[in-house]
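Residue 355 in the numbering used here sits at position 248 of the sequence shown; the count goes up by one each step and never skips. Think of the CB as a built atom: it goes at the ideal place given N, C-alpha and C, for glycine as much as any other residue. Note that the structure is predicted; figures quoted are calculated from it, not measured.
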Amino acid sequence: MNDRAHPHPAHPVEPPGWSPDSWRNAPATHLPPYDDQAALARAIAVLRSLPPLVTSWEIERLKSHLAEAQDGKRFLLQGGDCAEAFHECRPEVITNKLKILLQMSLVMVHGGKKPVIRVGRFAGQYTKPRSSPVETRAGVSLPSYFGDLVNRSDFTAEARRPDPDLMLSGYQRSALTLNFIRALAEGGFADLHHPEYWDLSFFQHAGLPDDLRAEYRRMSAQLADAMRFMEALGETSVHELTRVEFFTSHEALHLHYESAQTRRVPRRTRHYNLSAHLPWLGDRTRALGGAHVEYLRGVANPVGVKLGPSIAPGEAAELVRALNPSNEAGKIIAITRMGAGHAAGALPPLLDAISGAGLRVLWACDPMHGNTTTTAAGVKTRSFDAILAELEATFDAHAAAGSRLGGVHFELTGEDVTECTGGAGGLTEADLARNYASPCDPRLNYHQAMELAFRVARRLASNASAPRGV
Ligand code: PEP
Ligand code: CO
């Protein structure tokens, strides 16, 4: 078939007036205040010359998976740290991140009876938007800490000075992380029948309600059976059956870093951001006409868009149109993060304005960022119950609207941290001090993340068994 004779939304053209650097003419917020422009230009030039971290083929593959998820044939699991730190670019930390995503995805595959797309918030999630560009302590004001890609967290003038060379260090750590992820995914990490990767003993925990405990036990017994069955098929088949695929994502916040790695590749007509498969637009930088939207509207990658409680439904629809003018399938992931108290009220008009208008998006829920609270002792936390409540309310809103929740977005870690309260382990505010490791937002720990995966699986299972068209 001739594409020119039959223009197809799968091959949209580059938007007029766009280039990887056109964002420079739009108002920008949350960009680092570099004081040495010559050093910034030098770092960008080096970054432009280095090999890409991902390829356009992988990006297009992810997009086609996401298009299938829009049709209900796959489910998206996106998760990882709020912010990666350079000092955590270590083998055991990376392995644990893959392990938790893999285990959660298996539980969801089991519940939904469909493949799960695994996307990590890793290999580039090194910058953070801050509520104030300046931090003041004891009368001393310094630039805020914007993430390891920009400056250092120590409260000294030297550490807080934005240093463009940190972009190169971030690129290198992303490459090291990704190299290890690729090697693990190819070479045996997916040995799913290995008990070390499949320890579900936590579901015995006394804090769980009886019905859930019984359900978890049933599900894990079935999963163990499936693993044994695959094992019985022989090594080659196991490898084939269990080969795992991971994609990378980060917030496309640092536009100098993003645009320096945005390229046209041979035999393709559009530009790709080759620093990650899936860049996303944060809730604080989604202003129409702003630099972040200008940058993201032109890249061929799939793009996530965070939608918080302050967005008006009409504005959200306009944003989706701006980012996906040809209404391409698999292109936009609309990630709602309303907060448990707002989801039921805010979602119906939003779903109507977007899905009701025929705009193609994959709906996902981030039940983390609308549910952040601060304890009396000043510790940032999130309650498992609020996270679960937003997730349940979001599933309900989609069911009522006739749309489909096709993915989830979590801040989580494979480590045994104490940052969110609640869950079957019954973590309380008093427990938070025990192992609070996040420099940024509180993450679900291993057990809390697995418990949520079971809850999602339960909803997917009930959707999977619902009559067609319901
Ligand atoms: C994030 O995902 O870390 C984040 C800052 O989210 P949001 O833009 O939704 O607030
Ligand atoms: Co966060």
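A Cβ-Cβ distance of about 20 Å is found for the pair Q210 and A471, leaving them out of contact under the 8 Å criterion.
The shortest C-alpha to C-alpha distance from I442 to any of L466, V410, N258, G463 is the one to V410. Under the DSSP definition of a beta bridge, Q555 lacks any partner. By DSSP's assignment, Y379 forms a beta bridge with R370. Separation of the CB atoms of G405 and H378 is rounded to 6 Å, and the pair is thereby assigned contact status at 8 Å. Between the alpha carbons of P316 and A560 lies a gap of roughly 16 Å. Distances from the alpha-carbon of F193 to those of T376, C527, G254 put G254 closest. A straight-line Cα-Cα distance of about 40 Å links M475 and A339. Within the segment 373-461, complete alpha helix (DSSP H) segments of at least 4 residues are found at 398-403, 420-430, 450-461, given in chain order.
Distance from the CA atom of D492 to the CA atom of E121, rounded to whole angstroms, is 44 Å.
With 16 or more other Cβ atoms from the protein chains shown falling within 10 Å of its own Cβ, A504 counts as buried. Taking all protein chains in view, the Cβ of K220 is surrounded by fewer than 16 other Cβ atoms within 10 Å, so the residue is classified as exposed. By the Cβ neighbour-count rule, L395 is exposed, with fewer than 16 other Cβ atoms within 10 Å of its own. The beta carbon of T479 lies closer than 8 Å to those of K487, T488, R489, D548, P549 in the same chain, with the five residues before and after it left out.
Of the other Cβ atoms in all chains shown, fewer than 16 fall within 10 Å of the Cβ of G452; this residue is therefore exposed.
R391 and P236 have their C-alpha atoms some 7 Å from each other.
A straight-line Cα-Cα distance of about 25 Å links L498 and E425. Judged by DSSP secondary structure, H357 falls within the beta strand (DSSP E) whose first and last residues are 353-358.
At a cut-off of 8 Å, the beta-carbon of C547 counts as near the ligand CO: some heavy atom of the ligand is closer than that. For D261, the shortest separation between its Cβ and any heavy atom of the ligand PEP does not lie below 8 Å.
Distance from P250 to P269 at the Cβ level is roughly 7 Å; contact confirmed, criterion being Cβ atoms closer than 8 Å. DSSP places H516 within a strand segment (E or B) once states are collapsed to three.
Residue pairing from DSSP places W470 in a beta bridge opposite A441, L512. In this structure, L519 sits away from T528, with a CB-CB distance that is not shorter than 9 Å.
Of A506, A537, G448, S462, the smallest CA-CA separation from G485 is found for A537.
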